[in-house]
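Take the sequence shown: its letter number 571 is residue 571 in UniProt numbering, and every next letter is one higher.
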Amino acid sequence: MASSGGAGESSTWRPQEDGLREICGLLEQQMAPSSDEKTQIYQKLQQYSQFPDFNNYLAFIFARVEGKLIEVRQAAGLLLKNNLRSALKTMPPTNKQYVKSELLPCMGAADRQIRSTAGTIISTFVQIEGVAGWPELLHSLVKCLDSNDVNHIEGAMDALSKICEDAPQVLDSDIPGLSERPIDVFLPRFLQLFQSPNITLRKLSLGSVNQYIMLMPTVLYTSMEKYLQGLFVLSNDTAPEVRKLVCSAFVQLVEVRSAVLEPHLRNVIEYMLIVNKDPDDEVALEACEFWSTYCEAELPPENLREFLPRLIPILLSNMAYADDDESVLEAEEDGSLPDRDQDLKPRFHSSRFHGSEDAEDEDDDIVNVWNLRKCSAAALDFLSNVFGDDILSTLMPVIQAKLSTGSDEAWKDREAAVLALGAIGEGCINGLYPHLSEIISFLIPLLDDKFPLIRSISCWTISRFSKYIVQGTAHQEGHDQFDKILIGLLRRILDDNKRVQEAACSAFATLEEEAAGELVSRLDVILRHLMCAFGKYQRRNLRIVYDAIGTLADAVGGELNQPQYLEILMPPLIAKWQQLSNSDKDLFPLLECFTSIAQALGTGFSHFAQPVFQRCIDIIQTQQSAKVNPVSAGTQYDKEFIVCSLDLLSGLAEGLGAGIESLISQSNLRDMLLQCCMDDAYDIRQSAFALLGDLARVCPVHLHSRLPEFLDVAAMQLNTPKLKETLSVANNACWAIGELAIKVHKEVSPVVLSVISCLVPILQHPEDLNKSLIENSAITLGRLAWVCPELVSPHMEHFMQSWCIALSMIRDDIEKEDAFRGLCAMVRANPAGALHSLVFMCKAIASWHEIRSQDLHNEVSQVLYGYKQMLKDGAWDQCMSALEPPVKQRLSKYQVQESLW
């Protein structure tokens, strides 16, 4: 597509009429609602994009073709923007200059759509290239802002607001050739526009300044008082979108710059109370964020206390469903209707993880969309955790009043009151506890309420008290109440309403986690209800039944391994297992469910193990092939199939123990696992190393032929500059190395020093690392020291202190025993290496509640006795005097120092 100006200067570029006509025609055709040829049109436009000056044509159409529909020009502009993302860096400089020169005048175009699209394209340029190479842009923006033409001001503000949102740091940077940063020039003009009579300008200028609260450039910090005064003026703006931005500013300021609000805090709180009732829901929602943010920022509670009697009723009022809430409309849906694909929420499998979990519990998702109702409930939850029982005197009368309204018209108020009880279930438990039996007795009948959303919220609220309900089973009244709750939730699991099914299943899973042993005597009735639901539910809620079955298996463990229970549980699951193809994503939750069942049944799962094992192998092989060539594999690659299959194999290894050996010996699992350990997807590596550790425990012989490669690739996970981005992978690799070490002993020697050199920095700098990685690093270091003390002990003085600190944080178990065997072996090999860290070693030894292994107890005693003999002239007494009395007391059981204090 040659231009009439050839490849000369951009100012001489002119489009050819034929090319111009053809591109405009394609853009017009593409926009025709009935066009059946959109794919061909798109392909033609893609072909044109190979010409160096195609983007010049688009810029020309966008900026200059006056006779065409605005929509055609806008389409050219948006296509230009998309092209810039992929082609800007390789675009010839003359063409780039031409496009820029055409864009700038468009900021002042008479049509708002053209101005807005110009702003979008300009922001794309700035995101990719910054502003240093486009000095004309800054000059034009300032000129437009300072003009008297509202179109020019709006166009400049539109572009600037998008730059501030997409790349705020660009304007807060030093630019060669400029005496001040761009934001220093623009921010005073933004503040000035707060006073504009034009709503759009007030909105864009305030939104632009708000983007800098987190960055806090010097010019904003020094203009803070003017900014705050501007916010107060705009706080009563007639435009809801401006009031929403005012609320957003106060929320951000209280989160990151609370000190600047201190002189004005009472006024801000008063304002937030008012706008929390704003007729515009979006404004009220933004205002409601303030209370949770204030609590999370750990600001002085006393500043809020006096406002609680006014705030709490507002929150409760806002917790009632709005008439147009999608949940109210969906709640009437018939449970027998099949789910549509769009009803299926995305699911995320959590890869297998060995050690102490640091992750937060998943948020109780009472509603699917973040709205004023959910935000108000979250705020009440936060307030209850900050103020505890102090809020009950204000809150409970309001809750009781709402619960006592029996009319059908008031069902939303009753529902909100039940939600409020659940929201304060954690923070106010001390005050609620004496009345808990009464509260639960009130909630149980609501499980059978005629309104489905009252039934569903009652399930959730009851689940919030699961821990205390189970504690109450110690006496008869609590035991009877537990039975009523159990039967009530099981009844709701078989509800005809999908929303209630979901809430009941989730609540039951929460109760299962707490109840554990209490469920054993009721397994028959529980399994019958769950398997009935399994046959009744549509696809979306079926996933939650799988979770409830898996949680039940985790809770009761081997008690599930009874013929009468397996006859109820397994046939429907196996039928579903056989019905689903290897590429069906509905297989994911079933794989997870089987993982829990395999672990619970132990060797009892062996009857079902062979087809399950083989299918996991087949799925992993198919997916590894699909990654290379999806066409020949017959399916699209999806790494989650591999992750779920690896985790189920881990569950089989844990459940079957050495019984898995016959399955592995007839498969190529070892080679496939090594490939997974080297995969570029971190969640595949995470699950692969978990399986490696599990196999090391039960059948290390089958790893033997490729042991050096497994050890090398595991060590590599610890020696990466991206360690903080892949902590879970490193954690599992570290654990696997330790498990391999105690099985293969000296064969681990080649990697010992490289692994130690990675573990020591983790122990010395534990900041920002998860607890589990630190614990596993300490245990694996000890295990390596136990099997290869002659390699590790010469270096012990470099890590003894930090290692002993980590050891003292680990709970008593077999892994801690292994680590201390390593400590004893190192001290025997190099007693001098621990001398400077003796106090820390004593504290680590004292961290034991009880060493169950008599051999290890004796070894520890000998270590302490050896140092007591070694340290003469009062040195031992000096070491002991540095220990706190409880530490000395716990060391006394090792009988080395009874006469010395």
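For each residue, glycine too, the CB sits at the ideal point set by N, CA and C.
Contact annotation: D712 and V752 have beta-carbon atoms that are not nearer than 8 Å. Annotation: D111 to D149 spans about 13 Å, alpha carbon to alpha carbon.
The C-alpha of A378 lies about 9 Å from the C-alpha of I424. Contact annotation: S853 and E817 have beta-carbon atoms nearer than 8 Å.
For R670, the enclosing alpha helix (DSSP H) stretches over residues L669 to C677. Per DSSP, Q895 lies in no alpha helix (DSSP H) and is assigned neither H nor E.
Under the three-state reduction of DSSP output, Y682 falls in the helix class. A buried status is given to Y867, since no fewer than 16 other beta-carbon atoms sit within 10 Å of its beta-carbon. The Cβ neighbour count for K162, taken over all protein chains shown within 10 Å, is at least 16; the residue is labelled buried. In summary, Q623 is buried, with 16 or more beta-carbon neighbours lying within 10 Å of its beta-carbon over all protein chains present. Uninterrupted beta strand (DSSP E) stretches at least 3 residues long and entirely within the segment 180 to 208 do not occur. Contact between the segment 503 to 516 and the segment 532 to 548 is present: three or more C-beta pairs spanning the two stretches fall below 8 Å.
Here V369 is exposed: its Cβ has fewer than 16 other Cβ atoms, across all protein chains shown, within 10 Å. Nearest to F465 by C-alpha distance, out of K484, E477, I440 and K450, is I440.
Excluding the 5 residues flanking it on each side, V256 has same chain C-beta neighbours closer than 7 Å at I213 and M214, in chain order.
Of all alpha-carbon atoms in R189, T238, V219 and S802, the one lying nearest the alpha-carbon of I199 is that of T238. Exposed is the label assigned to D408, since fewer than 16 other Cβ atoms lie within 10 Å of its Cβ.
Sixteen is the threshold: when 16 or more other Cβ atoms of the shown chains lie within 10 Å of the Cβ of S376, as they do, the residue is buried. C164 is positioned such that its CB atom lies no closer than 8 Å to that of M107.
The way I'd put it, the segment 319 to 331 doesn't touch the segment 284 to 298; fewer than three beta-carbon pairs between them come closer than 8 Å. With a 10 Å radius around the Cβ and a threshold of 16 neighbouring Cβ atoms, V525 comes out exposed. Counted as a single uninterrupted DSSP element, the stretch harbouring T12 is not any alpha helix (DSSP H), since DSSP gives it neither H nor E.
In this structure, W460 lies away from A416, with their beta-carbon atoms at least 8 Å apart.
Around G472, the same chain offers L436, S437, G478, H479, Q481 and F482 as residues with beta carbons nearer than 8 Å, after the five sequence neighbours per side are excluded. For Q169, the enclosing alpha helix (DSSP H) stretches over residues P168 to L171. One Cα belongs to C677, the other to K893, and the distance between them is close to 45 Å. The beta-carbon distance between A75 and Q30, rounded to whole angstroms, is 7 Å. This is short enough to meet the 8 Å contact definition. A straight-line Cα-Cα distance of about 20 Å links D671 and W735. Contact annotation: the segment 628 to 637 does not touch the segment 587 to 596, with fewer than three C-beta pairs closer than 8 Å. DSSP places C699 outside any alpha helix (DSSP H), giving it a letter other than H or E. Taking C-beta atoms as the reference points, E514 and K450 fail to come closer than 8 Å. Two segments are said to touch when three or more pairs of C-beta atoms, one from each, lie closer than 8 Å; by this definition the segment 115 to 131 touches the segment 81 to 88. Under the DSSP assignment, P589 falls in the alpha helix (DSSP H) whose first and last residues are L587 to L601. Between L372 and D281, the C-beta gap is smaller than 8 Å, which places the two residues in contact. Three or more beta-carbon pairs drawn from the segment 555 to 564 and the segment 598 to 618 are found closer than 8 Å, and the two stretches are therefore classed as touching. Setting aside the 5 residues that flank it on each side, A829 is surrounded in the same chain by P789, E790 and S793, each with a C-beta closer than 8 Å to its C-beta; the list follows chain order.
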